[in-house]
Each structure stands twice: as C-alpha cells, then as structure tokens.
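Residue numbers (my numbering): 1187 to 1496. All C-beta atoms, glycine included, are put in the ideal place defined by N, C-alpha and C. The structure presented is a predicted model; accordingly, all values stated were derived computationally and were not measured.
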Amino acid sequence: MVYILIGVNSLKEKIISKTLLWDLSLLLVAIVWGGGFVVTKNALAVITPLYFLSLRFMIAGIIMAIIFLPKLRKSSWQDIKNSCIVGVFLSLGFITQTFGAHLTTPAKSSFITGLNVVLVPFIMILFTKKFPDKKAVIMAIVAFVGLSLISVNDQLNIGAGDFLTFLCAIFYACHIVSIGYFANKTDAIVLATIQVLFAGVVCTILAIAFEPVPTISGIGIWSGILYSALLSTLAAFLIQNLAQRNTPSTHAAIILCLESVFGALASVIFWHELMTTKMIIGCIMIFAAIIVNEVDFKALLVKNKKDVEV
C-alpha cells in the first residue's frame, strides 16, 4: 500500500510538472503576442498594412507547409474547405487589427482585441441557438463599459482605430468559434497551416490590388516582420495547439488573456504611451470581465473544499 501511494504521488507530481510546463509555454505565447502590438505599430511606420500581413503570413505559412508537408498531403478537400473558412475569419481579424493598430496606440489595441473572449458566447448563438448565461451577459456589459472608457474621448467620439480593433475582436471571436466547430473534423496541424497560408494569399492579393509596392530595407523593419512571422504566428500557433492538448482550457484562456496586459506594458515601456486614469480603469474592467467570464468560480470552490476535506 505504501508503494502504491508513493507511485500515485510521483505520478501526480509528473502531471503537475507537465501542466506547469505547458502553462509556462502559454505564458510565453502571451508575452510574444503582447510585444507584437508594439512591433506591429513600429513596422507600420515603414510598410503598408497589407504588405506587412502578406509577408507575415506567407513566411510563416510556407515554413509550416514545408514542416508538415506529409500531413498536408493526406488532407481531404473537406479539410481544405474547413481550414479556408477558418482562414476567412483569421484574415478579417488581422486586417482590421493591423489597420486599427495604425490609427490607435498599442495598449488600446491589445485590450480591445482581448474583448474577443467575452464575445465568444454571443457568437456561439449562431451555432448552438442558446442564449449565453447571465454571467456572460453581465461581463459583456462590464467589458463594453471598459471599452468606452478606453476608446471614447471627451467629445464622445470613438476613434477610427479603436472601432476597427473592435471589429477585429468580433472576427477573432468568430475565428475561435469556427476553430472549435471544425476541431473534431479536421487535423489541428492541417487546420493551422492552411488557414495561415489562406490568410497570406488573401493579404497578398489585396496588397497588390490596393497598395503600392513598398521598399523594404533595414534590419529594423525585417526584424519586425520576422518577429511577427516566426514568433507571433508560426511558433505561437504551434505552441498554443500543443499546449491546449495538455492543459485545462480554463488555464489556457486565462493565461492567453495576459496578452492584453503585456501589450499595455510593452506600449508604456517601448512606445512611451501615457495611460490616463480613465484608460487604466477601462483596462482593469475589460481584464476583470475576461477573467470572470472564463473562470467557473463555483466549481473551483467546490474542488478546493473537496481537496481540504481529503
């Protein structure tokens, strides 16, 4: 019996260590994405939005396609169709976010983008036909008030960049829901790779059609493009897909929400953004709404109570 208990405790420690490892991996993703808001803002001072996105997604997509070519060869037309549908929302989300980032600050962009977590239950109505519970509705109202504090100026006008970023949050919510819908129908690696390539092709076509060909030179702009392509897209997407197989979804959602916090910190440190009291209150309200919306506190209290009794 003693040996069995020792074995169980050892197994528990390994599971906890594994979960902690993946949680730390997701934290790294949140840090990379948070820093990405500043990187994008700096890059857009040199390159137009669509060409920036074109390079970001094509570089990441081509590398992913090469790495996972065997899986892609086995994919069906239905897999490709499902991935392209997800890619539509990914493309719309990044296009609106990037144009929005050009017209607003990195801190605002990061927190408004984070609203997608609160919007997901409402987008789910289209698929489940069920209205969100009271908590989701209340947290959506809290988040909207927070958004107003961040975005609405003294003249009661909302900036174009903030509005575009809010549209981005809606498209990201659609992206999350569509991934959940197709997750059990398509291989995760195939889904991730094809949607990134799809976004790259869409952005390239739009860039050629609507923007002048930029002259890209200098280590500054290329470091920003490679940061976005290799870290924010390729590495982050792969880590997220692998981590969410090995850590609870609640952990993942909460940790990735820290992207907004790291985005704001990066903006203050590297872009010297001044955060007003109203903006800070708005950011806290949005972040609190995201956390409360994702955590089942009742289940958590019950679990803790059982652990104490044991």
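A residue is called buried when at least 16 other Cβ atoms come within 10 angstroms of its Cβ; ILE1455 does not meet this threshold and is exposed. In summary, PRO1292 is buried, with 16 or more beta-carbon neighbours lying within 10 Å of its beta-carbon over all protein chains present. Judged by their CB atoms, ALA1450 and PHE1297 are nearer to each other than the 9 Å cut-off. For SER1364, the uninterrupted alpha helix (DSSP H) run begins and ends at 1346-1368, by DSSP. Of the candidates LEU1460, PHE1313, LYS1294 and GLY1347, LYS1294 places its Cα closest to the Cα of LEU1335. Scanning ILE1253, MET1471, LEU1236 and MET1310 for the CA closest to the CA of THR1282 turns up LEU1236. Annotated three-state conformation of LEU1301 is coil, per DSSP. When the beta-carbon positions are compared, ILE1309 and ILE1356 come within less than 9 Å of each other. In this model, MET1471 and MET1461 are separated by some 15 Å (Cα to Cα). The closest CA to that of LEU1239, considering only ILE1253, ILE1311, LYS1267 and LEU1278, is found on LEU1278.
Taking a cut-off of 8 Å on C-beta distances, the segment 1254-1268 does not touch the segment 1325-1333, as fewer than three cross pairs fall below it. In terms of Cα proximity to ILE1245, the closest of LYS1321, VAL1478, TYR1413 and SER1446 is TYR1413. Taking C-beta separations shorter than 7 Å and ignoring five residues to either side along the sequence, the partners of PHE1396 in its chain run LEU1236, following chain order. Just measuring C-alpha positions, the residue of CYS1354, LYS1321 and THR1351 sitting nearest VAL1481 is LYS1321. Residue burial annotation: LEU1255 is exposed, with fewer than 16 other C-beta atoms found within 10 angstroms of its C-beta. A distance below 9 Å separates the beta carbons of ILE1248 and LEU1383. DSSP places GLU1397 in the coil class of the three-state scheme, outside both helix and strand.
From the listed residues ALA1385, THR1401, LEU1333 and GLY1366, the smallest Cα separation to GLY1468 is found for LEU1333. In the structure shown, the three-state DSSP call for ILE1336 is helix. Considering only GLU1445, PHE1243, GLY1222 and TYR1367, the residue with the shortest C-alpha distance to VAL1387 is PHE1243.
The shortest CA-to-CA distance from ILE1476 to any of ASN1370, GLY1300 and VAL1225 is the one to GLY1300.
In the pairwise beta carbon analysis, the segment 1406-1423 is classified as touching the segment 1223-1230: at least three pairs are separated by under 8 Å.
Within its own chain, the residues whose Cβ lies closer than 7 Å to the Cβ of VAL1218, once the five positions on either side in sequence are excluded, are LEU1417, SER1418 and ALA1422, listed in chain order.
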